[in-house]
Amino acid sequence: MYAVILAGGGGTRLHPLSRPERPKPYLPLLGPQSLLQGTVARLAGLTDDITVVTDRRYEQLVREQAPAVAVVTEPLGRNTAAAIALATLTIDRPEDEVMLILPADQTVERTDVYRDVLRGAAEQLAGGAFGIDDPLVTLGIAVDRAATEYGYLIPDVARAATLDGLPAYPLLRFEEKPKPARAEQLMKQDGVAWNAGTFLWRRRAIRAALGRFTGLLQSLGPMVGSPSSLERAYEAIQRPVSIDYAVMEGAAQSGQVVMASMDVGWSDLGSWSALLGALGARGTGAVVQAGESIDVNADDLIVRRINRRLGVIAPAEPGSMKATQPIAILRGTGPDRTLIERLLERCSERED
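Under the numbering used here, read the sequence shown as residues 2 to 353, first letter to last.
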């Protein structure tokens with residue numbers, strides 16, 4: 002098995018912590034390691050054949066943070082379908098070898114269980130589960146709430162099976178981020194899982210699927226090896242789409258996709274509330290510290306310094322206060338002047 006970690010991103014999520022020059026995968030949000038470094042570390046014992054696909058702007062960051070991995074650079078960000086197509090074209094491995102695709106910016110609490118799931122999926126599912134030759138395997142996350150920020154995987158529960166201890170199903174369809182009422186319905190359905198953007202397949206299987214459902218291999222393939230030609234080919238991609246839209250939805254309708262469900266303490270840290278939860282803040286007066294932080298007695302806030310900027314974030318729909326220095330974003334309809342004054346005071350003390 003070889004792993005392909007997708008580590009692009011434009012730095013818009015978790016702003017102002019995440020910025021275009023250093024997006025979320027490269028930030029140490031939960032400890033001394035960046036999310037990318039944590040992703041690489043979780044693969045220990047599974048494979049040391051790891052390639053990171055990233056925007057060329059971040060090549061140096063990858064090499065600094067994960068010097069042992071290979072790097073494939075994209076000239077432009079064109080979503081995950083293009084990134085996976087480029088990886089399929091440029092990473093030369095046997096056609097029957099299992100390729101693991103995973104994002105760089107997620108976190109997992111139960112690492113041992115996670116490794117067992119990936120190992121079981123690689124050994125059992127990718128070999129021809131449910132009578133499907135060369136299935137495309139997607140790993141879903143066990144649903145524990147009516148989340149509206151994730152896509153959902155809808156399985157054929159009538160054909161449920163346990164393969165190497167792993168709950169598995171043929172996948173019927175993907176469902177994009179639902180409205181609250183629909184999320185409540187989905188949470189109550191057997192077997193439904195969140196889409197984690199994690200996939201396993203044989204190289205030949207994804208090559209065939211990309212060829213069937215997209216023109217990416219045809220448009221990018223002849224340009225690989227020429228940076229300027231590849232950039233023009235990327236610029237010509239008029240509608241950048243995810244691998245879910247480009248391949249997986251059509252493949253599911255054709256009966257080619259298998260879903261395995263896992264409960265591993267997963268989060269994509271895609272919002273301030275998700276980050277707050279991952280850091281373990283609980284109850285009134287909890288202030289979560291991430292990196293170099295300033296401890297202030299406030300309700301469910303994350304307080305973090307970014308160089309000479311200060312980010313103050315709360316999990317519910319934030320209001321914001323524009324300021325050159327520091328930057329403060331607060332929960333509710335407006336900023337709390339007393340809190341801001343205290344933060345400014347603490348920031349000043351740290352500078353001294």
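For every residue, glycine included, the Cβ atom is placed at its ideal position computed from N, Cα and C.
As the structure is a prediction and not an experimental result, all values here were calculated from the model.
Backbone secondary structure at residue i - three-state DSSP
i	result
residue 132	helix
residue 137	strand
residue 10	coil
residue 2	coil
residue 180	coil
residue 151	coil
residue 265	coil
residue 48	coil
residue 39	helix
residue 20	strand
residue 1	Any answer about residue 1 is impossible in this case: the structure gives the chain only from 2 up to 353.
residue 110	coil
residue 198	strand
residue 168	strand
residue 146	coil
residue 412	In the structure as shown, the chain begins at 2 and stops at 353. Residue 412 is therefore absent and cannot be evaluated.
residue 259	strand
residue 29	coil
8 Å Cβ cutoff met for residue i and residue j
i	j	result
residue 2	residue 156	no
residue 44	residue 36	no
residue 224	residue 234	yes
residue 106	residue 192	no
residue 68	residue 7	no
residue 47	residue 154	no
residue 124	residue 165	yes
residue 160	residue 170	yes
residue 158	residue 188	no
residue 175	residue 250	yes
Boundaries (first-last residue) of the alpha helix (DSSP H) holding residue i
i	result
residue 208	204-214
residue 103	Unbroken run through residue 103 is the beta strand (DSSP E), 99-104; no alpha helix (DSSP H).
residue 232	228-236
residue 124	It is not in any alpha helix (DSSP H) - residue 124 carries neither H nor E in the DSSP assignment.
residue 221	217-221
Residue i versus residue j - alpha carbon distance
i	j	result
residue 282	residue 276	Bear in mind that the predicted position of residue 282 carries a pLDDT of just 37, short of 50, making it unreliable; the figure below should be weighed with that in mind. Rounded to the nearest angstrom, the two C-alpha atoms are 9 Å apart.
residue 61	residue 54	12 Å
residue 255	residue 194	20 Å
residue 162	residue 142	17 Å
residue 288	residue 279	Below a pLDDT of 50, predicted positions are generally treated as unreliable, and residue 288, at 37, falls in that range; the measurement from the model is reported next regardless. Approximately 13 Å, taken between the alpha carbons.
residue 85	residue 218	10 Å
residue 211	residue 97	16 Å
residue 40	residue 267	12 Å
residue 58	residue 5	18 Å
residue 113	residue 168	17 Å
residue 238	residue 198	21 Å
residue 222	residue 72	18 Å
residue 93	residue 185	44 Å
residue 116	residue 101	12 Å
residue 52	residue 253	27 Å
residue 75	residue 213	23 Å
residue 248	residue 151	18 Å
residue 21	residue 131	43 Å
residue 111	residue 99	23 Å
residue 271	residue 19	11 Å
residue 290	residue 66	Residue confidence is low: residue 290 scores 38 on pLDDT, short of 50, so the model does not pin down where it sits. No coordinate-derived value is stated.
residue 108	residue 23	18 Å
residue 173	residue 215	20 Å
residue 15	residue 147	22 Å
residue 226	residue 220	13 Å
residue 190	residue 63	40 Å
residue 196	residue 28	23 Å
Residue i beta carbon near the ligand SAH (any heavy atom closer than 7 Å)
i	result
residue 120	Absence of the ligand SAH is noted for the structure shown, with no ligands found whatsoever.
Endpoints, beta strand (DSSP E) assigned at residue i
i	result
residue 51	51-56
residue 252	Here residue 252 belongs to no beta strand (DSSP E); instead the alpha helix (DSSP H) covers 250-254.
residue 63	It is not in any beta strand (DSSP E) - residue 63 instead sits in the alpha helix (DSSP H) that spans 60-66.
residue 164	162-164
residue 73	71-75
Would you check if the segment 197-214 and the segment 87-102 touch, i.e. whether three or more CB-CB distances between them fall below 8 Å? yes
### Query
Are the segment 254-268 and the segment 131-143 touching by the rule of at least three beta carbon pairs closer than 8 Å?
yes
Pair every Cβ in the segment 71-81 with every Cβ in the segment 242-250, then say whether three or more of these pairs are closer than 8 Å.
yes
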